[in-house]
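Encoded as structure tokens, the structure appears first; notes follow it.
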Amino acid sequence: NIEDGTGQAIFKRLVEKADVVVESFAVGYLASLGLDYPALRKINPRLVMSSITPFGQKGPLSGYKATDINIMAMSGYMQLIGEPDQPPLVLGGEQSFYPGAQYAAAGTVAALFYRDATSGKGQHVDVSMQEAMITFYHEQMPVAMWNKTKENVSRVGVMDAMVTPCGLYPCKDGWISLCVVTPLEWDTLAQWMHEVTGNDEVLKEEYKGGLIDRMPVRDMVNVMVIEFTDRLTGRELFLEGQKRKLVVMPVNDAPTLLEDAQLNSRGFWVELDHPVVGKMKYPKGALYSDAIGAPRKAAPLLGEDNERIYCDELGYSKEDLAVLRTTGVI
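Here the sequence shown is numbered in the working numbering, starting from 46 and rising by one per residue.
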């Protein structure tokens, strides 16, 4: 409890030994307690402090609070998500938190490297979630398009705005993702579609060419693709697509992800025993090297490592720890 005098004293002792402090409090909160970066830097000049807030430490919105959907909206990202004639949609899974976290991680590592390579002094890393989310646009970045053409890029639904056919299409048992770019890929897909549907229209010259050549007739192309994909399952489309060297893949859900042969062959799923929820499969992570192993235990419970930190690192006794718990300091 950093609002408690004893809690502040413990926190400052931790800061003395720390390389990094990561915080996401409202701007000004730590300063009101005398625990902002200028104050902590006096305790430990080598300290790197990373602050992750909705709009950063400065500016007219710096003191504002925001949730994931607010950040998605304020970044302009939501204007790209959804159907053209429907309201904007938010990405699932609180996606705006991840760019901010990634920038904070990269900025923290860079600050540590700079510290050790130069003066030995730390610095304050200021991350705005709004700014981080803006940088996660793809090539159709709305601001760039507006600067260049004064076109206000908006929603195109489940289809790509610049390539046809490219998007999500319904199949017998769900949805598949499909994208055709080169003239050869289109010819291959058109022949396959003709074999399945018997539709001669798909073989006409007006649909041939590269990724942008079919844009004027994209609606008709998508109708013909749906007529084709609707007749097959996701797995049938995936397997036959691979044989024909076409990028066709199913839209996975949780059960299919857990059974995914590719993920399981790489040991991506690791079963761990959690003291509250029991045995569960956890993602190993996307980094593989001799120095990075699979997680050996589930995420710690709140306060699980208190004894190791407060007693082993700071020298408190177990009796002291019990008092700190009872008084609500930790």
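Glycine included, C-beta positions come from ideal geometry on N, C-alpha and C. Fair warning: this is a prediction, and the values are worked out from it, not measured in the lab.
Beta strand (DSSP E) runs contained entirely in the stretch 272–323, provided each spans 3 or more residues: For the stretch 272–323, whole beta strand (DSSP E) runs of length 3 or above, ordered along the chain, are 292–295 and 314–319.
Touching by the beta-carbon criterion (3+ pairs, under 8 Å), the stretch 49–65 and the stretch 367–374: The stretch 49–65 makes contact with the stretch 367–374, as at least three CB pairs between them are under 8 Å.
Straight-line gap, R200 to I126 (C-alpha atoms, nearest Å): On the sequence shown, position 155 is the one that residue 200 refers to. On the sequence shown, position 81 is the one that residue 126 refers to. Between R200 and I126, the C-alpha separation is close to 6 Å.
Option nearest Q175 by Cα separation, candidates P328, Y355, M119 and E251: Counted from its first residue, the sequence shown places residue 175 at position 130. For Q175, the nearest C-alpha among the options comes from M119.
Residue environment, P99, which counts as buried when at least 16 other CB atoms sit within 10 Å: By one-based count along the sequence shown, residue 99 stands at place 54. Label assigned to P99: buried.
Beta carbon of A156 nearer than 8 Å to that of G167: The count along the sequence shown starts at 1 and reaches residue 156 at position 111. The count along the sequence shown starts at 1 and reaches residue 167 at position 122. A contact, by the Cβ cut-off of 8 Å.
Best match in W220, N244, P210 and Q147 for proximity to E230 [C-alpha to C-alpha]: Counted from its first residue, the sequence shown places residue 230 at position 185. Of W220, N244, P210 and Q147, the residue nearest in Cα terms is P210.
Candidates M117, F142, Y143 and K342: closest to V135 by CA position: Indexing the sequence shown from 1 puts residue 135 at position 90. Residue M117 is the option with its Cα nearest to V135.
Same chain, Cβ closer than 7 Å to W191, five either side skipped, listed in chain order: Counted from its first residue, the sequence shown places residue 191 at position 146. Within the same chain, W191 has close Cβ partners N197.
Residues bridged to T98 [DSSP beta-bridge criterion]: Working through the sequence shown from its first residue, we reach residue 98 at position 53. Its beta-bridge partners are S173.
C-alpha distance - S69 paired with S96, whole-angstrom precision: Counted from its first residue, the sequence shown places residue 69 at position 24. Counted from its first residue, the sequence shown places residue 96 at position 51. One C-alpha to the other measures close to 6 Å.
Any alpha helix (DSSP H) of 4 or more consecutive residues that is wholly inside the stretch 53–104: Taken in chain order, the unbroken stretches of alpha helix (DSSP H) that lie wholly in the stretch 53–104 and span 4 residues or more are 74–77 and 82–88.
Neighbourhood of E246 by C-beta, 7 Å cutoff - its chain only, sequence neighbours within 5 removed: Looking up residue 246 in the sequence shown gives position 201. These residues qualify, in order along the chain: M269.
Simplified DSSP assignment, three categories, for P129: Reading the sequence shown from its first residue, position 84 is the one you call residue 129. Three-state result, P129: coil.
Straight-line gap, L282 to F181 (C-alpha atoms, nearest Å): If you number the sequence shown from 1, residue 282 lands on position 237. If you number the sequence shown from 1, residue 181 lands on position 136. Between L282 and F181, the C-alpha separation is close to 31 Å.
C-beta contact flag for V93 and R160 at 8 Å: Here residue 93 refers to the residue found at position 48 when the sequence shown is read from its first residue. Here residue 160 refers to the residue found at position 115 when the sequence shown is read from its first residue. Contact flag set, yes.
Among T227, N244 and R280, nearest to D258 - alpha-carbon criterion: Residue 258 sits at position 213 when you count from the first residue of the sequence shown. Nearest option by C-alpha distance: T227.
DSSP three-state assignment for A122, whether helix, strand or coil: Position 77 of the sequence shown, counting from 1, holds the residue named residue 122. Checking the sequence shown, residue 122 turns out to be Tyr, not Ala. Secondary structure at Y122: helix, using DSSP grouped into helix, strand and coil.
is_contact[P328, chain D] using C-beta, thresh 8 Å: In the structure shown, chain D does not exist; there is a single protein chain.
Among G312, G286, A111 and P300, the one whose alpha carbon lies nearest that of A339: Looking up residue 339 in the sequence shown gives position 294. Per the Cα distances, G312.
Residue nearest to V321 in terms of C-alpha spacing, selected from S334, Y333 and K342: Position 276 of the sequence shown, counted from the first residue, corresponds to residue 321. Taking only the C-alpha atoms, the option nearest V321 is K342.
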